[in-house]
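Data first, discussion second: the structure below is written as structure tokens.
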């Protein structure tokens, strides 16, 4: 990674960004703000609402939740916003309808997509992006920006419309017109790696709100570490919009329970309470009191009863949320899905398909919208145009603040800078421990702890924890305390038994400061099943989370088949853009961590043993970096009689078998195959040097499914593994009963060679 | 399956059961009940409690939750129980300490396991199994038994001790002594397939409570369908013990939200509120108000403040819970983990390891327990001995009731009987639709709906639904309404957006009446990631759930990579005891359902297309049953020039490529590879007839990861697939851009042959 010493932080971030557009770099020009004057608000009228909507509203009125804000209770005579004063209500409404129709038109043109949410959430979207959030559209990577997450990712046209109005280069008119098309920057769900301005990748429900908890955690943590009484250099909010679907998913309850526990006061979530999901009215499957649940989770809860036109209610709710600094806030905003569509609003039919030409026309009439598709009225355009200069000004202001900070707090500034830019300190990898065959045997989970503690000393953005298994996963950082509500500067995160939430929170941490914050998280390897959806998002969204997965096989023994992974290694080898690493001893564990830390855009899974393993001759960090490499060989001319291939705890068995076979005069090569993905990336010549095509006598041994091993051992090889579930017994006994022994390897080798 | 017409229902069930022990069959003998007389209770004294425990109690006292029962408020002068009167308090305490020490001793002997929970939960365990639950230890499969689920499965010694005391043949003294050993019936976590008397397989946290929701759903559903005003033939409770870990897991919130929504009044869950998890005090990660959350979820909540010695509190709570018939009940029982251990109680150190000889001694002293390890005092033994005759009497009574029912309601009785015995109606498979190449092209998700509706007509125990995607997964049963609180007799289950809970609930339904209740559930294939832990438990615990997974590839188009499965097929092919089926057209979809219904001890995943597919010549239900089969071939002598292999939507591409190649004079075989597992089970001769070893020119095409295909195509074959994430665009475009085309197949075939 290029050094950024000669660049400003923002320039460094922009340079690093993989924006598909050439972003303007003159974002520091301080254009004078010329926002429109606000006038007093008038009472807005509600367009056509279906009668079932009214029924839903009645039901809402009967709910026991708090209703601190009431329609009309707050007058927005002069609303203070992040970028000056808000527009008058007529213009606000015009802007909101612009958002609605951009969504309607894009979905209509694609004949695919979800118009309902953008139509219902346009008011809160407008208030957020136009009045509340602090960001710089010309530098989507400005460090101190407010973060926004659309957890209900199917409604992505809402966010694209907002990014477009706000002046992000990533979403121009042609991008809106190519919504959901090949190669566009406006894919069917928000993808951070496609669209600058999108913070995280959402769509799979519940992930976004959990990511947002991670983003807010990162802010709270960095603020606690780096803010000074005279200079609060880290200071931003995290906003989310989530829907009924997100609320039903267990992951959101996990993450929100933690957010409450941690008191993430700068996390403000809007719950789009529209009472409609794909299968119809939420009455059919979702009748719990969300308010009560969130109060139980330790959140501050506000109810905006009129999310369709109650702009002042929305504004007041945000103000109230900001005033509550020790709790996250859920703003339940009752809206009408597909608001404005006379025949489809408040029905599932507006959720996930184009309105159709006829209904688009009817909606245009109903909302008084005479414009062509994709048209942004001039006054709306002009109104939003202030965000580019204002954003640049916000960033310039912050840059000046950082310069002050740098002068006064040199060390802290350097550290924070390295987190912001994602530059790893020179020589960090020297901190990793190395071992000799004489080093004591140890479980790789323990060796992993040595690495974690070594890395935490040299990597300022290294933090993480376990899902209530710290003492089993061996993940505690000994020099740090617990990240808690009142000690957010600490780096041991206690996730509780919430694997799924943990993974998604780590995605949020990683994407808060890509490259700089390096989150790790841990549980038993088998429980990756609980968090697989989050791990997949790590891989897809290029979040370099490190997954520390211990108890990686039947070697865990007595806990039995519910706890013994079998198919898990194979299942991750099949997943794109992820590194599946199974180290065999100390050097390989250190090598795995080196690879994991270097891969900031690709998550790593480390499968680690519960049981003690010998330190093997021939293993090395350099070897690990190749994915597969020779640890011992008594052949000559690259033509051994047989190649024994092992991973993790079974490499020791392969080495032991080789020793026996060599005694009998065989030329035997032992290969460690710690990461298939890394080996795949090597040159053909290197691959041939490790696995010569001429040697078809190959035996693999791995305490997991043999699925996929034919690729390595060929049709003539023999894979020793486990293709059934495990069993409850001491580990040694299971290994023997399941035939994972040196004897089995020797027998197979003899049969083949 | 053998006909059971000549057997009683219970005999049929026993005959079917795979009990490892020969169960006694004289369970209908109506031994006279000679329960011990109860005397008035005395105030029990609390053994040594650490001071931190007292702090925890103080904290509890400050919680806002309801405390309807207060210590001492209820006098158990004469407690009515399911099996007569309870023992006097001294004997109760002795029984409870027996449970504690059986757990302590077994863990000590194994030097592995979790003594903390059994020691804390022994009182509620005793009350449940000795006083409340209705079961027959000599026939663990008696249909109308109360179900018990230990969701906190690590505490399994609690359940083993209870089964032992209650007289189950599956857990005898030698079984307790071989706890966690190879081949024992007392594995490290409760496994229904190892230990008769265990209903479901738990250990992975949160699964059990969700299974219990499924068990309770099954009871409510069957009761609604078959009970008559004069004969409530289906009538039992479902009891659960869950801990802090279960509570933290998102899956439990999902399932409990549904339980509240459905008003499962006969579900009674004990929450072991012991404030300790593996990482220490729950204060570090779990400070939400569980009471408030469950009230929000629509449960009745009771707090038993003294779960250690407040036996009457526990009894009163159960009585209260039973009185609330329209809501499930959560009984929060505040206990001390490791109760009785003077130095380890109320600490994480007692959670998951043996106490150690010294502390075992100290605990024996503290609780006044002079006995040898594994000793059950005579009076305790005698007290519990009434359960075998009483259980037989309960079953005999029910059998008599069933005989009455059968006389009066012949049709219903026959149907219910088939559900109870798991016998499929003769000729059911004839209901499956068949197709010809002339039948209109259609998406396999639509063809699936035809099968689902055909099967629901002929299989009385067929029910299921979708995670809020019924209209996309095409899973509605048209002749039935929704299973809801007030219409529990219906068969369309609305799970909401709760995939994980859905899977686990279906496991519960399947295991309520194995073979007879056939649950299916549905979501997009990619979201198996959300429910993978539940799917794995289906496979492990032999729950034949049918997973209807639509939108099975990039073929879903615009929703993009978050919604497009890539590695999922491979990941399930690697999982033991599960069938991964990817049908190509109507006949194959019907065949997949035939296989799925027949496999009652192995779950099936059907990967189904969103997009239309042609009905192909050569496909057949019989072919599907072989896993892989030839759909067309113009070669002779079992020696084609090239074999093209496809699955699902890509079989059509393979067929198209074959047509082109044949025009050019090639001898081409096309093989459908719908299920690798089924093909693996065929004879070598059959396999050779489909994939002759002599033909190495093999091309596979599948819109998913190529991982694993080397096994089928050999080292010289070519796998066409997708080893990166998908993209957002119309499906046809992605197929083209990703090279999944007939042209690509043709090119590969020419290169190889």
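Residue numbers (the UniProt record's numbering), protein chains in the order written: chain P, 1 to 753; chain S, 1 to 753.
Every residue, glycine too, gets a C-beta built ideally from N, C-alpha and C.
From the options, residue whose alpha carbon lies closest to that of residue i
| i | options | result |
| --- | --- | --- |
| residue 649/S | 641/S, 667/S, 412/S, 585/S | 585/S |
| residue 123/P | 482/P, 98/P, 106/P | 98/P |
| residue 347/S | 117/S, 447/S, 575/S | 117/S |
| residue 522/P | 741/P, 171/P, 477/P | 477/P |
| residue 253/S | 286/P, 229/P, 275/P, 280/P | 286/P |
| residue 278/P | 466/S, 534/S, 528/S | 466/S |
| residue 628/S | 439/S, 674/S, 409/S, 552/S | 674/S |
| residue 655/S | 454/S, 644/S, 115/S | 644/S |
| residue 132/S | 419/S, 314/S, 89/S | 314/S |
| residue 367/P | 343/P, 276/P, 352/P, 385/P | 343/P |
| residue 219/P | 263/P, 548/P, 601/P | 263/P |
| residue 323/S | 353/S, 256/S, 266/S | 266/S |
| residue 549/S | 475/S, 156/S, 491/S | 475/S |
| residue 554/P | 229/P, 727/P, 274/P | 727/P |
| residue 108/P | 129/P, 533/P, 176/P, 686/P | 176/P |
| residue 546/S | 257/S, 606/S, 437/S, 689/S | 606/S |
Cβ of residue i within 7 Å of any chain B Cβ
| i | result |
| --- | --- |
| residue 149/P | Note that chain B does not occur in the displayed structure, where the protein chains are P and S. |
Outcome for residue i when other beta-carbon atoms lying within 10 angstroms are tallied against a minimum of 16
| i | result |
| --- | --- |
| residue 100/P | buried |
| residue 427/S | exposed |
| residue 679/P | buried |
| residue 69/P | Below a pLDDT of 50, predicted positions are generally treated as unreliable, and residue 69/P, at 34, falls in that range; no measurement from the model is reported. |
| residue 514/S | buried |
| residue 617/S | exposed |
| residue 744/S | buried |
| residue 529/S | buried |
| residue 684/P | exposed |
Nearest-angstrom Cβ-Cβ length linking residue i and residue j, presumed shorter than 8 Å
| i | j | result |
| --- | --- | --- |
| residue 189/S | residue 203/S | 3 Å |
| residue 482/S | residue 494/S | 6 Å |
**Item:** Within 9 Å of chain S by C-beta, residues of the region 576–592 of chain P in sequence order
**Value:** Listed by position along the chain: 576, 577.
**Prompt:** Taking any Cβ of chain S, which residues in the region 288–300 of chain P have a Cβ under 9 Å from it, in chain order?
**Reply:** For the region 288–300 of chain P, which is checked against every Cβ of chain S, the residues closer than 9 Å are 288, 289, 290, 291, 292, 293, 294, 295, 296, 297, 298.
**Asked** Residues in the region 695–707 of chain P with C-beta within 7 Å of chain S's C-beta atoms, listed in sequence order?
**Response** Within the region 695–707 of chain P, the residues whose Cβ lies closer than 7 Å to some Cβ of chain S are 705, 707, listed in chain order.
**Asked** Can at least three beta-carbon pairs, one atom from the region 562–582 of chain S and one from the region 564–580 of chain P, be found at a separation below 8 Å?
**Response** In short, these stretches touch, since the Cβ pair count reaches three.
**Request:** Report yes or no: do the region 666–681 of chain P and the region 629–639 of chain P share at least 3 C-beta pairs separated by less than 8 Å?
**Result:** With the cut-off at 8 Å, the region 666–681 of chain P and the region 629–639 of chain P touch.
**Request:** With 8 Å as the C-beta to C-beta threshold (strictly closer), list the residues of the region 458–477 of chain S near chain P in chain order.
**Result:** With the criterion set as a beta carbon lying under 8 Å from some beta carbon of chain P, the members of the region 458–477 of chain S are 466, 468, 469, 470, 471, 472, in sequence order.
**Asked** In the region 235–254 of chain S, which residues sit with their C-beta less than 7 Å from some C-beta in chain P, listed in chain order?
**Response** Hits within the stretch, in order: 245, 248, 249, 250, 251, 253, 254.
**Request:** Count the C-beta pairs between the region 141–155 of chain S and the region 236–247 of chain S that are closer than 8 Å, then say yes if the count reaches three, no if not.
**Result:** Counting Cβ pairs under 8 Å, three or more are found: they touch.
**Near-chain S residues of the region 539–566 of chain P - C-beta to any C-beta below 8 Å** = Residues 539, 540, 557, 558, 559, 560, 561, 562, 563, 566.
**Asked** On the three-pair Cβ rule with 8 Å, is the region 284–301 of chain P touching the region 353–367 of chain P?
**Response** The region 284–301 of chain P is not in contact with the region 353–367 of chain P.
**Asked** Contact between the region 321–338 of chain S and the region 301–308 of chain S: three or more CB pairs below 8 Å?
**Response** As far as the Cβ criterion goes, the region 321–338 of chain S touches the region 301–308 of chain S, which means the pair count is three or higher.
**Message:** Taking beta-carbon pairs under 7 Å, can you tell me which members of the region 330–355 of chain P lie near chain S?
**Reply:** The residues in question: there are none.
**Prompt:** Is the region 389–397 of chain S in contact with the region 409–428 of chain S, if contact means three or more CB pairs nearer than 8 Å?
**Reply:** The region 389–397 of chain S makes no contact with the region 409–428 of chain S; the number of CB pairs closer than 8 Å stays below 3.
**Message:** If contact is defined by three or more beta carbon pairs under 8 Å, each pair taking one atom from either stretch, is the region 521–537 of chain S in contact with the region 497–509 of chain S?
**Reply:** Touching, yes.
**Prompt:** Is the region 527–547 of chain S touching the region 701–711 of chain S in the sense that three or more CB pairs, one from each, lie closer than 8 Å?
**Reply:** They do not touch, by the three-pair rule.
**Message:** Beta carbons nearer than 9 Å to chain P: which residues of the region 266–281 of chain S have them?
**Reply:** Flagged, chain order: 277, 278, 279, 280.
**Message:** Please list, in chain order, the residues of the region 169–196 of chain S that have any C-beta partner in chain P closer than 8 Å.
**Reply:** Taking a C-beta cut-off of 8 Å against chain P, the contacting residues of the region 169–196 of chain S are 180, 181, 182, 183, 184, 187, 188, 189, 191, listed in chain order.
**Request:** Please name the residues in the region 706–720 of chain P whose beta-carbon is closer than 8 Å to at least one beta-carbon of chain S, in chain order.
**Result:** The residues in question are 707, 708, 710, 711, 714, 715.
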